[in-house]
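What follows is a single structure, written as C-alpha cells, with notes after it.
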Amino acid sequence: MHMTTSTGSDTARRWIDPGSSRIPYWAYTDPDVYQRELERFFYAGHWCYVGLEAEIPKPGDFKRSKIGERSVILVRDTDGGIHVVENRCAHRGVAFCRERHGNRSELVCPYHQWNYSLKGDLIGVPFRRGIKQEGRTVGGMPADFDPKENGLTKLQVASRGGVVFASFDPKVQPFEEYLGPTICRYFDRVFDGRKLVLLGYNRQRIPGNWKLMQENIKDPYHPGLLHAWFVTFGLWRSDNKAELLMDERFRHAAMISTRGNAGQAGQATAGVASFKQAMKLNDDRFLDVVPEAWWGEPTAVMTTIFPSLIIQQQVNSVSTRHIQPCGPGQFDFVWTHFGFEDDSAEMQRRRLRQANLFGPAGFVSADDGEVIEFSQDSFAARDDASTLVELGGRSVENTPHMVTETLIRGMYDYWRRVMEL
Amino acid sequence: MNTRLSADDYISLLLFYQRYAETLDAGQWERWPDYFADECSYRVQARENFDRGLPLATLSFESKGMLKDRVYCIRETLYYEPYWQRHVVGAPVVTAADQHTVSAHASYAVFRTKPDDVTQVYNVGRYQDLLLRAPAAEHGWLLQSRLCVFDSDLIPNSMIYPL
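Chains A and B, in that order, give the protein sequences. Note that our numbering has the first sequence beginning at 1, numbered continuously upward. Note that our numbering has the second sequence beginning at 1, numbered continuously upward.
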C-alpha cells in the first residue's frame, strides 16, 4: 500500500526493500507521512508522555505540555486526582493557557470567559441565557446548548511511579499492557514509587525528524564511537556487558549496559578515533559515580517508550526526554532532570554535576543533535535513497550484546505495520 | 558596603567585560579560563530554572579544571558544525563593591553564524558576576563566579562554546 501525496508521485512513497533494515529518506521528510504519524502514533492507539507528578504536587497545580503538535494541560484536581485536557477552548479554539505552569481553581479562557473545572467540564458561559433589555430577554445561547457536551477535550490518563502519560484515544489499551512486561520492569526500576524531586529543564529545538531521536536511543552502535567520553571512560563501550530488549511489538526498547574496561585498550577501542587513552580530566568530579542499590547490576539503562519518551539513567544522572514533533523536519526536545526524595544533598549535587554530560550542551550528548541535523540535511536533499541499519543482520530480535541495530529495525517493523507502508 | 567604583576602576571593569567577549568571539578557547580565579564557578542556566529556583544548569562548572575540561572537549571530543559567535555586552551594573570584590550584572546577546548560513540570534541573557580585583592579572579582574541566565527558551540544537 502506498499513499497519495501532494506531489502526485506515489511511487516515491513505496517501501521497496523487504523488512525494515533500509529506511527510505522520505520516511523522514514527507508531509503526508508525517501527518499519518501524528494521527496514528500521537493521537490514537498510543500513550504519550506529558510530565511528572512532581511537577504538579498541590491541588490546582498545572503544567502545560505537548502531545504531538497539540497543546495539553496536566492538572491536579482539588481531590488530588490528575487530569489531562486539551488546551483548546471549546468556543473559538483558543489555546488559552499561556503560562507554562501555575496554580488555578478553574480553567478560564479570557477571550469570552468560558470557564471550566479542573476536570475540563464547562461550568460557565457568560450571557448563556441572554440579558434583559426593556423587560425582554435578548440574545443568549440556543435553548438546546448543553454545557456537558462542550467541555475541554478530556484525555485518558495513566500515572505510574509518578510519571504521567495521556492519550486522546478512549480505546487505548491499559498502560501496563502497552509497555509489556519486559519494558515495564525497566520502567519500574527507575520509577518504583519513590517521590521524585524536580531538578530542572533543558529545552532544545533539533532540526531533524522526530524518529531520529528514537533511533539515536535505539542505537547502541554509536555511543562507543561518536562519544569520546563514553568510550574513554568506559561508561558505554561496545564490549560492555549489555542486553537489548524490546516489547513484543518492537516499539519500545531498553538498552542495558554495565560499565567496564575504563581506559583500557581492546577490541572495542582498536581503531576508534574517539578513544583517548591518555585523556585525563582536570576535575574528575564530572565522573564521581556512586552506585545506587536500585540500579541492580546495570550502570546505564536507556529506555525508549514509543513514540514520545526516552528515560535516561546514565550512572547517577536521571532524566525524562520528551519528543515534541513540529513538522517533519524538526522537533523540540525537553529534558526534565530529577532526583529522588531520599537523595542526600551530596547525591543531588552529584546528579547535577553529571548532568553536564547530557542535554544540549552535554560533554557526551551535544553531538547527538548535531548528527541528527546532518542526517536530515541529506534526507531533505534527495528522495531516492535509504539509510542502512544492518549491523547484526536484517532481522529483529533481543540480543545479549550491543553490536547490532536490531532495535531500530524493530521500530520500523512496527512503524510499517501501523503506517501500512 | 560601598557600591561606587572610581571612574578608573569602572573603565577597567568595562574593558574586562569587552575583552572576555572578544576572546570568545575570536575562538581563543584556551584563553577563556584565564578570565577566572583558580577557585571559580561558571554556569549557564535557563531563566526558567533560575526564576523557579530549580538547580539544574545547562552547564555547571565548579572549578577552573572543569573549564579546561570543556576546552579540551570543544577541541578534541565533540563533533559539531563549527560556528562563529559575536557577543554584544551591555555596560555592567555594579550592585556591590568593596576593596576586594565587585558584584555586577550585564545583559548580553550572542549571535551565531554557521558556515553557509545566515546569522541568527543564538542566545540572549544576563551575566551575574562576582569579580575579584586582581592587579597582577592581565585584565585587572578575575571572575570568581559567572552565571549566564539565558532568556532564549529553546537552544537552537546545541551549545558547544562558552557564552
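Every residue, glycine too, gets a C-beta built ideally from N, C-alpha and C. Here the structure is a predicted model, which is why all the values come from computation and not from measurement.
Three-state secondary structure (DSSP) of residue i
i       : result
L152(A) : coil
K241(A) : strand
K114(B) : coil
D233(A) : Reading off the sequence, residue 233(A) comes out as Phe, not Asp. Note: F233(A) maps to coil in three-state DSSP.
M347(A) : helix
T77(B)  : helix
S205(B) : It is not possible to answer for residue 205(B), since the shown part of chain B is limited to 1 through 163.
C89(A)  : coil
F338(A) : strand
Q264(A) : coil
Q214(A) : helix
R394(A) : coil
L130(B) : strand
E37(A)  : helix
L446(A) : Missing from the structure shown is residue 446(A); chain A here goes from 1 to 421 and no further.
N356(A) : helix
N316(A) : coil
W32(B)  : helix
Y72(B)  : helix
M411(A) : helix
Residue i burial status per 10 Å Cβ neighbour count (16 or more: buried)
i       : result
H100(B) : exposed
G102(A) : exposed
D219(A) : buried
K148(A) : exposed
C326(A) : exposed
E370(A) : buried
Y20(B)  : buried
A136(B) : exposed
T77(B)  : buried
Q277(A) : exposed
Alpha-carbon spacing of residue i relative to residue j, whole angstroms
i       : j       : result
N356(A) : R350(A) : 10 Å
I16(A)  : R353(A) : 47 Å
F96(A)  : R129(A) : 24 Å
T23(B)  : G140(B) : 15 Å
I217(A) : A381(A) : 25 Å
V164(A) : R104(A) : 19 Å
V138(A) : E106(A) : 28 Å
T113(B) : K171(A) : 48 Å
I206(A) : P223(A) : 19 Å
A106(B) : V93(B)  : 6 Å
G359(A) : A366(A) : 6 Å
K211(A) : A90(A)  : 32 Å
E297(A) : V290(A) : 13 Å
D151(B) : G19(A)  : 46 Å
L287(A) : R70(B)  : 14 Å
H337(A) : G392(A) : 33 Å
L59(B)  : F363(A) : 9 Å
V418(A) : E248(A) : 14 Å
D153(B) : Q133(A) : 50 Å
E99(A)  : S21(A)  : 43 Å
S145(B) : E292(A) : 32 Å
Y414(A) : V85(A)  : 28 Å
S375(A) : F340(A) : 37 Å
G200(A) : V89(B)  : 27 Å
A54(A)  : N87(A)  : 21 Å
Neighbouring residues, chain A, relative to residue i (Cβ below 8 Å)
i      : result
Y79(B) : L226, D367, E370, V371
P55(B) : L199, G200, Q348, L352
T58(B) : N202, G359, P360, A361
A46(B) : G200, Y201, N202, R203
Integer-rounded CB distance, given that residue j should sit under 8 Å from residue i
i       : j       : result
S317(A) : W335(A) : Between W335(A) and S317(A) the Cβ distance is about 10 Å, and since that is not below 8 Å, they are no contact.
A242(A) : M402(A) : 4 Å
L52(A)  : G135(A) : Not a contact, Cβ separation roughly 56 Å.
L179(A) : F168(A) : Contact flag wrong, Cβ pair sits at about 19 Å.
G266(A) : D239(A) : 6 Å
K64(B)  : P33(B)  : 5 Å
Proximal chain B residues relative to residue i, where beta-carbon distance stays under 8 Å
i       : result
K276(A) : E76, T77
F286(A) : M66, D69
Interface residues of chain B facing residue i [CB-CB closer than 7 Å]
i       : result
I206(A) : N157
N356(A) : L59, S60
D283(A) : S63, G65, M66, D69
W229(A) : T77
H337(A) : L56
Interface partners of residue i on chain B, CB under 9 Å
i       : result
D423(A) : Residue 423(A) lies beyond the stretch modelled for chain A, which goes from 1 to 421, so this question has no answer here.
Contact set between residue i and chain A, taken where Cβ atoms lie within less than 7 Å
i      : result
C40(B) : Within 7 Å Cβ-Cβ: nothing; C40(B) doesn't reach chain A, min ~11 Å.
N49(B) : G200, Y201
C73(B) : F363
Where residue i meets chain A, residues with beta-carbon distance less than 9 Å
i       : result
I160(B) : A361, A366, D367, E370
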